[in-house]
Structure formats: C-alpha cells, structure tokens
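The structure appears below as structure tokens.
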C-alpha cells in the first residue's frame, strides 16, 4: 500500500477556489482503479493550508492516475508544499 500525505500552502484568499478546482480530480481519483482514499481539505487553523491524504493499492495504480500532476494554474497557486510517499508493509486495527 502507498500513502501520499502532507500539506500544500496557498494564499488564504485563494484556498476555497483552489479546493473547488480540485473537486473533479478528487472524484476521478476515487473512481480510479487502486484508489482506496483520496482527500484534500482545508486546515482548521491555518487559512492558507490544505491537507493532502491519499491511499493507493500500488505504485502502478498511483502513477496511472497521477499522469502529469496538477494543472499549470493550480501549480502556480502553490506557495509551498511538503508531501511525501510512504510505503506501508502492514495494516493493523488501532
């Protein structure tokens, strides 16, 4: 299993528009083969921060969906980011 997790920073006044522009990508990701979870959300404390969380069955599933990444317009809105890929070898109940 692959987890993509982290955050994006955008101008606070652009966050809602940025997230609205991602709605179709979220829908498509959730319908993609191998997608177990895909979410982008507004941080509750930082008005310019967006939380990123994805779970995929495999690297192949992730890469097949990811393609070229965010549009040029979306990429231009990202001021900073910290997102990483995690490889999970086991899953247990909490």
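In the working numbering, the protein residues as written are 2 to 95. For each residue, glycine too, the CB sits at the ideal point set by N, CA and C. Being a predicted model, the structure only gives us computed values, none of them experimental.
- Shown here, residue 63 sits in a helix according to DSSP, grouped into three states.
- Bridge partners of residue 44 according to DSSP: none are assigned.
- Here residue 55 is bridged, per DSSP, to 5 and 39.
- The alpha-carbon separation between residue 94 and residue 2 amounts to approximately 15 Å.
- In the three-state reduction of the DSSP assignment, residue 84 falls in the strand class.
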